[in-house]
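Chains as they are written, first to last, in the working numbering: chain H, 220 to 332; chain S, 601 to 714. Quick reminder that beta carbons are idealized off the backbone N, C-alpha and C, glycines included. Report on the following structure.
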């Protein structure tokens, strides 16, 4: 059965710290991996990764995928209180599960002033 | 551009009652999804529809039915609500292409079954 596991489940840091969130997956037909940020309501899109070793970057956030070792990391540098949220990773399946998008359980990040 | 619109936003049901959550998207997406989110469980896929006319079960389909009414609309029905179905429900849509998709979510529906 396809699955996505995120770690840690929760993380508490202070402003200015750098954090690394992990996402490992076991999937039959991998197409892409996505990262989302969820604050109070619906998740919002951060990154989509399809190729190994190519870093995606947006401001203080960056992410990379390792398709050989089946994991991805999301880095946040110089954290701010506004980064406090649940971070979700998900994978797109192909083949007979074309279109299916499966999420991990999320990492709760709390950034203190 | 409304994006993904789901109704109702809040609902309280008694055990055994039925209800339908409605979802519509105006982005001409081919794929639509229903997820539920419970504390510590992330987003769990209930059903998805990769294209108009098709629906498939996700991780937690028991107790639910879906209808892909047309390309825009994807409804979720609870035939006989149970307290275990108390959750936040998210509808979502995406254009699914060769390299995968980027999914867009509705604002969520908070459902309480008493």
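DSSP, reduced to helix, strand and coil, places residue 299 (chain H) outside both helices and strands of the structure shown, so it counts as coil.
Of the candidates S:650, S:609, S:678, S:607, S:650 places its Cα closest to the Cα of residue 703 (chain S). Per DSSP, residue 614 (chain S) has no beta bridge partner at all. Out of S:628, S:646, S:695, the CA that lies nearest to the CA of residue 667 (chain S) is found in S:646.
In this chain, the beta strand (DSSP E) harbouring residue 304 (chain H) covers 304-312. For residue 223 (chain H), the enclosing beta strand (DSSP E) begins and ends at 222-226. According to the DSSP assignment, residue 239 (chain H) belongs to the beta strand (DSSP E) that extends over 238-245. About 17 Å separates the Cβ atoms of residue 244 (chain H) and residue 275 (chain H), ruling out a contact at the 8 Å cut-off. Residue 280 (chain H) places its beta carbon 9 Å or farther from that of residue 268 (chain H). Residues of the region 670-688 of chain S with a C-beta atom less than 7 Å from some C-beta of chain H do not occur. Taking C-beta atoms as the reference points, residue 681 (chain S) and residue 617 (chain S) count as a pair closer than 9 Å. Interface annotation for the region 300-330 of chain H against chain S: 307, 311, 317, 318, 319, 320, 321, 322, 323, 324, 325, criterion Cβ-Cβ distance under 7 Å.
With respect to residue 316 (chain H), residue 239 (chain H) sits apart: the two C-beta atoms are not nearer than 9 Å.
Selection S:669, S:604, S:684 evaluated against residue 661 (chain S) yields S:684 as nearest (Cα-Cα). When secondary structure is reduced to three states using DSSP, residue 685 (chain S) falls in the helix class.
According to the DSSP assignment, residue 233 (chain H) belongs to the beta strand (DSSP E) that extends over 229-233. When DSSP states are grouped into helix, strand and coil, residue 702 (chain S) belongs to the coil group.
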